[in-house]
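First to last, the sequence lines map onto chains A and B. Anchor point for the first sequence: position 206 equals 206 in the UniProt record's numbering, and the numbering is continuous, going up by one each time. Anchor point for the second sequence: position 103 equals 103 in the UniProt record's numbering, and the numbering is continuous, going up by one each time. By construction, the Cβ of each residue, glycine as well, lies at the ideal position given by its N, Cα and C atoms.
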Amino acid sequence: MNDFAGMDDLLQDFITESTELISEVDNKLVELEKRPDDRHLLNDIFRGFHTIKGGAGFLNVDAMVSLCHRTENLFDKLRNGEMTLSPEYLDVILAATGEVREMFGALAQGRMPQPVEPELLETLDAVLRGEIPGAAKSAAPVATPAASAPVAAPVGNEPDWQHLYDALLGNEPTAAAPVPQVAMAIAEPEVMLNETAPRLPAKSANLSAAAGTQETTIRIDTHRLDQVLNLSGEIGLTKNRLTTLRSDVVSGKIDGSTLKALDEAISQLDLLVGDLQNAVMKTRMQPIGRQFQKYPRLARDLARQLGKEVELVISGEETELDKTMLEDLNDPLVHLVRNAVDHGVETIEDRLAAGKPAKAIVQLSATQVGDHILIEITDDGHGMRPDVIRKKAVDKGLIDAETANSLDDKQSLQLIFLPGFSTKDQISSVSGRGVGMDVVKTNIQKLNGRIDIQSVVGEGTRFSISLPLTLAILPVLVVRVCDQAFAVPLAMVREIIPIDNRSIQEVSGRATIVVRDEILPVKSLAGLLGWPETQVPRFGVLMQSAEHSFILAVDSFIGRDDVVIKPLQNIRPLGVAGATLSGDGSVVLVLDMEDLLATPAAETAAPSATRWLATA
Amino acid sequence: MSDNNLRFLVVDDFSTMRRIVRNLLKELGFGNVEEAEDGQIALQKLKNAPYDFIVTDWNMPNMTGIELLKAVRTDPQLKHLPVLMVTAEAKKENIIEAATAGASGYIVKPFTAATLDEKLKKIFANLNK
């Protein structure tokens, strides 16, 4: 059950804030490897542990207190120059932060974390005594005995500070009061819990919902909230105006000035609602840096494990992205970072042999490009060879040789996203399970995003992920087929062309159109949906996704629109992402093009195009 | 005794901790609490509006609690203010440093409302002497 009844709010705050802190500490530890004497870094890390310890103390998380207390002491010595950092120490410290992180995991589920393994504490104590872990008996203590004695934990033998302080101020020590006071603070954790528990009984019910690992709280800049409030106020005022106008109209007062006022009010409402949507969306935006923070540590650990030297360089941390997208983006990014370190980057020997510096650079960047977010993971490794990838795919039976030969280099690189593809012969324990890249791609596509690969042999590989700013509002193109309206994601639309029968050419049994020297297959939307074609499509929408470029043949257009997708409950027709309402109140289905193209009808859609070609 | 309308300034860079202290103060009947994220911000707030009591953490970026304490004590407008240091530093040097810098009280984390109450009462008693 829940070990923190009545303290949920506090616990949530603590977890949110401290998880960020521990990530910062982790990053600074990685930095510290480069600049072991940087006093600022040492001080920041010290403060991080110190703060977490303080918070954990109030929540009675003793395991965390005892661990952070030791690391804090260690950094206190390091920053005061009583000790110098060695790689062995750093490993122990990193193990400790890993442990702290796990504790946060337990806390997030409302459980009290397990006590720390005694070995880790002992190792930390040994480090504090100036011993090098692993070489326990040698190594004369560096630090002075006084300093190395387990100093003044908040639990146990603390100095009589009250007494000291009284003595200094010349106060009368009020008989025996001070020491029991301290003892009380330590000995009464249950009392503290019980005191607060009955005051917030309703809250404990919330925790079952919050027990999942996903964060349920969000931090919002108050300016943004004020904006939302402001706009909703303005909308209220406009609504009042409309109500007045309505009673005017109902009572028969329909003159020019009323209509003009009505027109104005509606235009204003239009603007305000747009602004409100934007403002609400902004409240969900979080800087991507919080997500990125975790990766340098990840890259470092992995590189060390693989005997490589890799530096992860991060930029664009301030770029903002919808919170849910950020969370869903974590797994793909973790995989891509691992992949870059594991597969992308060569070993130190290979790098030196190739005339590259021993240390590889993996760059992770985020930028906003128009209404999209672009995230790039670039390594300076050996790059990917399209021919090797093609061969692998054929060897593994994922594609046949004929298909392989028809692929160009760019398409060949896309093969790594096929399920079951893994280029390493030796499956490594880290990223080579062959379940990775296809999952990465699926996850990105779920976010309405796109992933592309650029690779230059010998120079490195770049994965580019392009994501919409938010999932809440989707810009679409509304088209008409068989007298029904459908919406297709605007992100995929490159251009719209009229279809002239004479421009359609048949290439190996498929209808194609040449657009600026590019031969593109024509697929009719009716055919994709499995409907009989009632009329000859007159327009083509040039659609482009990561690996498909084709012309979608439709009857006519309605226009572009920003829609809010409502998922269909219980039923999930193939190729339909959801539904939305059009301006006139009718239901419009929003199509999932990738899904639609994967249907068996996708192949037959083209021949049906030839049919209308033939009959036209 | 103590006036429940006393205006408190709680200084800590860790918002959870500010909230804990705020809750504890509320439990003791002190509802008039403002917060500051570090010594610098605290000092600004102190100069812009009147406060009756400062509760500050020790370890903070930009300006630490002890620096804040020293700044308060050297400012003719502020030097009379009681300053309670709240910190996890329980070392002898720290306590001496705080005391010599003129801290009105020193409290070690974690603590309960009762401990805080006791400290506050003692400080008030000293003030009224």
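1. Please report the straight-line C-alpha distance between G65/B and R297/A, rounded to a whole angstrom.
2. Can we say the stretch 560–570 of chain A touches the stretch 452–461 of chain A, given the rule of at least three CB pairs closer than 8 Å?
3. Around the C-beta of Q23/A, are 16 or more other C-beta atoms found within 10 angstroms, so that it is buried, or is it exposed?
4. Compare the Cα-Cα distances from I519/A to each of L326/A, G316/A, E506/A and report the closest residue.
5. Can you look up Q114/A in the DSSP assignment and give me helix, strand or coil?
6. Skipping 5 residues on each side, what residues in its chain have a beta carbon closer than 8 Å to that of N448/A?
7. Within 10 Å of its beta-carbon, does I218/A have 16 or more other beta-carbons around it, so buried, or fewer, so exposed?
8. Tell me, which residues are paired with F557/A by DSSP?
9. Name the DSSP beta bridge partners of Q414/A, please?
10. Might you give, ordered along the chain, the residues of its own chain that have their beta carbon closer than 7 Å to the beta carbon of N62/B, omitting 5 neighbours on each side?
11. Measure the alpha-carbon distance for H40/A versus V33/B and round it to whole angstroms.
12. For a contact defined as C-beta to C-beta under 7 Å, what are the partners of E17/A on chain B?
13. With distances taken Cα to Cα, identify the nearest neighbour of residue 632/A among K70/B, N59/B, T74/B.
14. Taking the CB atoms as reference points, tell me whether A360/A and G381/A lie closer together than 8 Å.
15. Which of the three DSSP states, helix, strand or coil, is assigned to K523/A?
16. For a cutoff of 8 Å on Cβ pairs, would you count M1/B as touching chain A?
17. Would you check if the distance between the CB atom of V493/A and the CB atom of V541/A is smaller than 8 Å?
18. Using DSSP bridges, identify the partner residues of G105/B.
19. Is there a Cβ from chain B that is less than 8 Å from the Cβ of R47/A?
20. Say whether chain B places a C-beta atom closer than 8 Å to the C-beta of T51/A.
21. If we cut at 8 Å on Cβ distances, does P110/B have a partner in chain A?
22. Which partner residues does V337/A have in the DSSP bridge list?
23. What does G81/A touch in chain B if you count any residue whose Cβ is under 7 Å from its own?
24. Where does R129/A sit, in a helix, a strand or coil, going by DSSP?
25. Going by C-alpha distance, which of L94/A, T283/A, M593/A, R338/A is nearest H548/A?
26. For G57/A, decide whether its Cβ has a neighbour in chain B, counting only Cβ atoms nearer than 8 Å.
27. Between R19/B and chain A, is the shortest Cβ-Cβ distance under 8 Å, so that the two count as touching?
28. What residue from R70/A, E17/A, R304/A, L272/A has the CA that sits closest to I348/A's CA?
29. Residues in the stretch 78–92 of chain B with C-beta within 7 Å of chain A's C-beta atoms, listed in sequence order?
30. What does a CB cutoff of less than 7 Å around A393/A pick up in its chain, not counting 5 residues either side in sequence?
31. By Cβ distance, which residues of its chain are closer than 7 Å to S503/A, with the 5 residues on each side in sequence left out?
32. So D38/A and L29/A are in contact, right, with Cβ under 8 Å, and what is the actual spacing, rounded?
33. Is the separation between the beta-carbon of L107/A and that of L10/A shorter than 8 Å?
34. Counting only runs of 4+ residues fully inside the UniProt domain "HPt" (3–107) of chain A, write out the alpha helix (DSSP H) ranges in chain order.
35. Taking the alpha-carbon positions, what's the L596/A to Q544/A distance?
36. Compare the beta carbon distance of A114/B and Y106/B with 8 Å and say whether it is the shorter of the two.
Let me lay it out:
1. When rounded, the separation of the alpha-carbon atoms in G65/B and R297/A is 31 Å.
2. No, they do not touch.
3. Per the sequence shown, the amino acid found at residue 23/A is Ser instead of Gln. Buried, by the Cβ-count rule.
4. The closest CA to that of I519/A, considering only L326/A, G316/A, E506/A, is found on E506/A.
5. Three-state result, Q114/A: coil.
6. The beta carbon of N448/A is closer than 8 Å to those of L467, P468, L471, L474, P489, A491 in its chain, skipping five residues each way along the sequence.
7. Counting Cβ neighbours within 10 Å, I218/A comes out exposed, since fewer than 16 surround it.
8. Under the DSSP definition of a beta bridge, F557/A partners with V479/A.
9. According to DSSP, which records beta bridges pairwise, Q414/A is partnered with nothing at all.
10. Cβ neighbours of N62/B within its own chain (closer than 7 Å, five residues either side excluded): D38, G39, Q40.
11. Near 32 Å, if we compare the C-alpha coordinates of V33/B and H40/A.
12. Close partners of E17/A in chain B (Cβ separation under 7 Å): F14, S15, T16.
13. Not covered by the structure: residue 632/A. The range shown for chain A is 1 to 616.
14. Remark: C-beta atoms of A360/A and G381/A approach each other more closely than 8 Å.
15. It is a strand residue.
16. Low confidence applies to M1/B: its pLDDT is 46, below 50, so where it sits in the model is not reliable enough to give any reading.
17. It is a contact, given that the beta carbons lie within the stated cut-off.
18. Paired residue(s): L84/B.
19. At least one chain B Cβ lies under 8 Å of R47/A.
20. True, the Cβ-Cβ gap to chain B drops below 8 Å.
21. So yes, P110/B belongs to the interface.
22. In the DSSP assignment, no residue is bridged to V337/A.
23. Here the premise fails: no neighbours, minimum Cβ distance about 16 Å.
24. Judged by DSSP in its simplified three-state form, R129/A adopts coil rather than helix or strand.
25. When each option's Cα is compared against that of H548/A, the closest is M593/A.
26. At least one chain B Cβ lies under 8 Å of G57/A.
27. So, interface residue.
28. Of R70/A, E17/A, R304/A, L272/A, the residue nearest in Cα terms is R304/A.
29. Per Cβ criterion, the list reads A88, A90, K91, K92.
30. Non-local C-beta neighbours of A393/A in its own chain, meaning closer than 7 Å and more than five positions away in sequence, comprise I399, A404, L415, L418, F421, ordered along the chain.
31. Same-chain partners within the cutoff: I513.
32. Wrong, their Cβ atoms sit about 12 Å apart, outside the cutoff.
33. Not closer than 8 Å, so no.
34. Fully contained in the UniProt domain "HPt" (3–107) of chain A are the following alpha helix (DSSP H) runs of length 4 or more, in chain order: 8–34, 39–58, 62–79.
35. Cα-Cα distance, rounded: 14 Å.
36. No; because the gap between Cβ atoms is not below 8 Å, this pair is not in contact.
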